[in-house]
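Some notes on the structure that comes next.
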Amino acid sequence: MLEVSVDNVPSQRAWAESMGGIEFPLLSDFHPKGAVAKAYGVYNEDRGNARRSVFLIDETGVIRDSEVFPQGMIPNATEVLKKLAAM
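See below:
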């Protein structure tokens, strides 16, 4: 599992520390701004950020599940982990 955000590395580091540490890699999609989010169709040009979304990708690179969440909604980590386990 890994997390990709359009935030810069210092912001990601501060977020991870505020959570008490993160056990998976955090990747920055900051420069060029949102290139990965654009490739997955979740970049919001008007706001300059990515819509909150989850993509479950198998070891061969195939997207097995994806979900884009309304603004302000946070994915349920337990449900995401269940989906991962089922893969």
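So the sequence shown is numbered by the numbering used here: it starts at 69 and just counts up by one.
No residue lacks a Cβ here, since even glycine has one placed at the ideal position from N, Cα and C.
Fair warning: this is a prediction, and the values are worked out from it, not measured in the lab.
query, result
"Straight-line gap, A217 to D126 (C-alpha atoms, nearest Å)", "Outside the displayed range of the chain (69 to 155) lies residue 217, so it cannot be described from this structure."
"Euclidean distance between Cα positions of I120 and E113", "Here residue 120 is Arg; the residue named in the question, Ile, does not match the sequence. Cα-Cα distance, rounded: 14 Å."
"Beta-carbon contacts of V74 that lie in its chain and below 7 Å, excluding the five residues immediately before and after", "D97, F98, K101, G102, A105, N117 and A118"
"Buried versus exposed, by CB contacts within 10 Å (16 or more), V110", "buried"
"Contact check, L95 vs V122, beta carbons under 8 Å", "no"
"Beta-carbon separation (whole angstroms), L124 vs K150, contact threshold 8 Å", "Rounded, the Cβ-Cβ distance is 11 Å, inconsistent with contact."
"Endpoints, alpha helix (DSSP H) assigned at L152", "A145 to A154"
"Three-state secondary structure assigned by DSSP to V136", "strand"
"For E113: DSSP bridge partner residues", "Its beta-bridge partners do not exist; DSSP assigns none."
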